[in-house]
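Notes follow the structure.
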Amino acid sequence: MKKMTYVFIALGVICLLYCAGILISGVYGSWFFLIWGITGTAFLALAWLYQKNIWLRLPGIIQKLMIAAILTGAFLFLFIEALIISKFTSKGIPDLDYLIVLGAQMRETGPSKALALRLDTAAAYLTENPDTLVVVSGGKGSNEPISEAQGMYEYLLTKGISPDRILLEDRSTNTKENLQFSRPLIPQDATVGIVTNNFHVYRSTRLAAQQGYPQAYGLSAPSDTAMQANNMFREFFGVVKDLLYGNMTLR
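3 is the number of the first residue of the sequence shown in our numbering; add one for each residue after it.
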């Protein structure tokens, strides 16, 4: 009993410290990271329940149902995370007809780190494959100075990419819309590379398949190491949401 209490306390403290670290760093683009604070508090509550032996006072059927729910949730989480990780090293193929760079937060100082990593990956590919065109996709959020597409366009220009090779899609507000609104800009039979951070490649390519992209390949960009755990956790919920909404299939 004491060992489990210590385990829950340790997990709770780690989650709370991670949440505080993200808050202090200011690198977050949404408030999702607060879930680490909620999770940490839940672990500490479990530690208290164990310490007070309240768990043992619950009826046996309740204990079994709770354990079954926890194990089912853990299996689902690990299964989906494995699918996400399976696309971490996707590099596409040479000489794609088009790239689509999926948007992320644009700041007053320029692209967020996540977006800059996507754009650097796209710029490297475009330099190596001079016949490939690129669609930069992303609208303007309420906390953004300009549209993500405009910011990406300007960033790629600084990397030496000709403006004639860049198409802008500046209406989308999420990944599904990125792909949906970019589709009319690309010929039906074109080969397409979807450029996004490694944790996001799996869902993006599955959404593309559902939207009728006949030949879509993931191009995996690196991620901010400090934010990787947060991004992976958030992406789990993104996959579950899009599965429930019918926006994608697992395979």
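Note that beta-carbon positions come from the ideal geometry of N, C-alpha and C, so glycine has one too. Note that the structure is predicted; figures quoted are calculated from it, not measured.
Considering just the uninterrupted stretch of the alpha helix (DSSP H) at residue i, what are its terminal residues?
i    : result
K60  : Contrary to the premise, residue 60 reads as Leu rather than Lys in this sequence. From DSSP, L60 is part of no alpha helix (DSSP H); its letter is neither H nor E.
Y281 : Residue 281 cannot be examined here, being either before or after the span of the chain that is shown, 3 to 253.
E171 : From DSSP, E171 is part of no alpha helix (DSSP H) but of the beta strand (DSSP E) over 168-171.
S206 : 203-212
T41  : 36-53
Take residue i and list the residues in its own chain whose beta-carbon comes closer than 6 Å to its own, dropping the five residues that flank it on each side.
i    : result
D172 : G141, S149, A151
G195 : G94, L98, L101, Y219, L221
W38  : C17, Y20, C21
L13  : F45
A106 : S114, A116, L117
I11  : A49
F34  : R236
E146 : M108
T43  : none
Tell me which residue opens and which closes the beta strand (DSSP E) that residue i is part of.
i    : result
G240 : That residue, G240, is in no beta strand (DSSP E); its alpha helix (DSSP H) goes 230-246.
G220 : 217-223
G255 : Residue numbering for the chain in the displayed model covers 3 to 253; residue 255 lies beyond these limits and cannot be assessed.
S139 : 135-139
Measuring only between beta-carbons, confirm whether residue i sits less than 9 Å from chain B.
i   : result
L46 : Absent here is chain B; the protein component of the structure consists of one chain.
Grab me the residues of residue i's own chain with a C-beta within less than 8 Å of its C-beta, minus the 5 sequence neighbours each way, in chain order.
i    : result
T7   : A49, Y52, Q53
R185 : Q213, G214, Y215
S222 : K89, F90, T91, S92, K93, T123, T198, N199, N200, V203
V119 : Reading the sequence as shown, one finds Leu at residue 119 and not Val. Contacts found: N199, A223, P224, S225, D226.
T257 : Outside the modelled stretch of the chain, which goes from 3 to 253, sits residue 257, for which no answer is possible.
N131 : P96, D97, L98
Q182 : S174, Q213
L85  : Y204, V241, L252
R59  : none
Q65  : W57
P165 : Y155, L159
Cβ of residue i versus every heavy atom of the ligand SAM: is any distance shorter than 8 Å?
i   : result
K89 : This structure simply doesn't include the ligand SAM, nor any ligand for that matter.
Using a Cβ-Cβ cutoff of less than 7 Å, which residues in the same chain neighbour residue i once the five nearest sequence positions on both sides are dropped?
i    : result
Y155 : V138, I168, L170
R109 : none
F79  : F238
F161 : Strictly speaking, residue 161 in this sequence is Lys, with Phe absent from that position. Correct list, in chain order: A125.
A192 : D99, Y100
Q217 : T193, V194
E83  : M234, F238
On the three-state DSSP scale, how would you describe residue i?
i    : result
V29  : coil
S257 : The structure shown does not extend to residue 257, since the chain is modelled only from 3 through 253, so no value can be given for it.
L252 : coil
I11  : helix
E146 : coil
P165 : helix
T175 : coil
May I have a chain-ordered list of the alpha helix (DSSP H) segments no shorter than 4 residues that lie completely inside the region 60-128?
Those alpha helix (DSSP H) runs which fall completely within the region 60-128 and span 4+ residues are 62-87.
Assess contact between the region 165-183 and the region 207-227, defined as three or more Cβ pairs (one per stretch) separated by less than 8 Å. Is contact present?
The region 165-183, when compared against the region 207-227, does touch it at the 8 Å Cβ threshold.
Pairs of beta-carbons, one from the region 29-44 and one from the region 226-235, closer than 8 Å: are there three or more?
By the C-beta criterion, the region 29-44 is judged to be in contact with the region 226-235, since at least 3 inter-stretch pairs fall below 8 Å.
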